[in-house]
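The numbering of the sequence shown is my numbering, which starts it at 1 and goes up by one. Have a look at the structure below before the remarks.
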Amino acid sequence: MNENEIDDFRTEDTEVKLEEPKPVRLTFHLIAKRNLPLGYDENDHDQVLQELNAISRIRLDRANIGKIDSFELLGPKVTNLYLQVNLIEKIENLECLKNLTFLTLADNRIRRVENLNCLPKLHFLDLSHNCVSQQNFDIDEFPQSLIILNLKGNPCCNHPDHRGRMIQELVNLRQLDEVEISAKEKRDVGLEASSDEEEEEETEEEELVSSHKKPQEKESLQSFSTEILIRSQRRMEQGLKDHHNHTAELEQIRERTHLPLSSRRPQKS
């Protein structure tokens, strides 16, 4: 094989490796397949719909989904929606999920924050590792109900006043980009920190001071500050622990379930 043939071979090989997956259409069937036990398709459409309407957490991550759609058939019980690691480019068609409190769209291709104000109960939003730029960024598109927001890994985070602006405009935020918002940060942007927030911070600092010698060197001070941050982070993450537990339980059920739903239901008298 001569040098030119080797270059052609390498080029072809590279093209194969770089070939991107084709977007998958988000359908009612896909939603049911990912969120109901095996055998769901042996039931009629109304039974499947009834089963889905009883679910509060919908998981559709890592499915190469290209567009958000088909949620209008889901019921008002849906509070958690997992759409991370897909091929989604636009936030849309979520207005039917009025009771959504938890939404993750991390690791997609989203370029603009939009169509989220239709979710008045949204508390957790993960848009990390997308393509949201400062030019396509409008703080007014974020619901004021947000408590935890993650934009880490987006170009918009490079704005010098990114953190200050977000804290000032979204007054209910407690955590931004995986870092808890301190009472001092709120005061710095003209907001009043609640007495509970300040008391929590003071209590944590006092506990750490009582269990450490006073930091004398730069290295000790850095370690001391890091531990304060870690303790605060753990407190915030405790409220989200049930989401991960539910995901694990759902996977276990799907793996060990081999009978259709109808065979597990008690017979009607």
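Beta carbons: idealized from backbone N, C-alpha and C, even for Gly.
Where residue i falls, given that 16 or more other Cβ within 10 Å makes a residue buried
| i | result |
| --- | --- |
| Arg62 | exposed |
| Gln272 | Since the displayed the chain opens at 1 and closes at 269, residue 272 lies outside it and no answer follows. |
| Glu144 | It should be pointed out that residue 144 corresponds to Gln in this sequence rather than to Glu. It is exposed - the Cβ of Gln144 has fewer than 16 other Cβ atoms within 10 Å. |
| His29 | exposed |
| Glu271 | Nothing can be reported for residue 271: it is not among the residues displayed for the chain, which extend from 1 to 269. |
| Ala54 | exposed |
| Arg187 | exposed |
| Asn130 | buried |
Where residue i falls: helix, strand or coil (DSSP)
| i | result |
| --- | --- |
| Asn43 | coil |
| Arg62 | coil |
| Asp270 | Given a span of 1 to 269 for the chain in the structure shown, any question on residue 270 remains unanswerable. |
| Asn80 | strand |
| Leu30 | helix |
| Asp161 | coil |
| Val48 | helix |
| Gln168 | helix |
| Ser269 | Because Ser269 carries a pLDDT of 40, less than 50, the predicted location of this residue cannot be relied on, and the following value inherits that uncertainty. Coil, per DSSP. |
| Pro155 | helix |
| Lys186 | helix |
| Asn130 | coil |
| Asn35 | helix |
Per DSSP, cross-strand counterpart(s) of residue i
| i | result |
| --- | --- |
| Gln175 | Ile148, Glu180 |
| Asn53 | According to DSSP, Asn53 bridges with nothing at all. |
| Val24 | Ile65 |
| Leu125 | Leu103, Leu149 |
Straight-line gap, residue i to residue j (C-alpha atoms, nearest Å)
| i | j | result |
| --- | --- | --- |
| Ala106 | Gly39 | 30 angstroms |
| Gln134 | Ser56 | 34 angstroms |
| Glu20 | Arg34 | 23 angstroms |
| Glu92 | Lys184 | 36 angstroms |
| Leu116 | Leu94 | 8 angstroms |
Check: residue i C-beta below 8 angstroms from any heavy atom of the ligand COA
| i | result |
| --- | --- |
| Glu141 | The ligand COA is absent from the structure shown, which contains no ligand whatsoever. |
Does the segment 41 to 50 come close enough to the segment 77 to 89 to have 3 or more Cβ pairs within less than 8 angstroms?
By the Cβ criterion, the segment 41 to 50 is not in contact with the segment 77 to 89, since fewer than three pairs of Cβ atoms, one from each stretch, lie closer than 8 angstroms.
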